[in-house]
Amino acid sequence: DDFIRYTYGRALAHRQPLYAAMARHGVTVTAEEVAQVATCEDLTDLIATALDRAN
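Under the working numbering, think of the first position of the sequence shown as 72, with each following residue one higher.
Listed below in structure tokens is the structure:
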């Protein structure tokens with residue numbers, strides 16, 4: 072149990088700056104928008120919409 076907690080904590084600490092870097096270059100979509108995705112085209116449209124909003 073202690074090993075798992077230690078290892079998990081270290082993994083999160085290592086990943087945090089990586090996630091922060093991704094967030095600086097990413098876009099945001101809502102759960103509601105994702106729930107509407109049914110096809111590959113829907114996903115492409117959602118990404119395009121999110122990119123347009125970000126710019």
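Cβ atoms here follow ideal geometry from the backbone N, Cα and C, with glycine treated the same way.
- Listed in chain order, the alpha helix (DSSP H) elements of length 4 or more contained wholly in the region 77-122 are 102-106.
- In this structure residue 98 touches residue 125 by the C-beta definition: roughly 5 angstroms separates them, less than 8 angstroms.
- Between residue 104 and the set 95, 117, 80, the nearest pair of CA atoms involves 117.
- In this structure, the beta-carbon distance from residue 121 to residue 100 falls below 8 angstroms.
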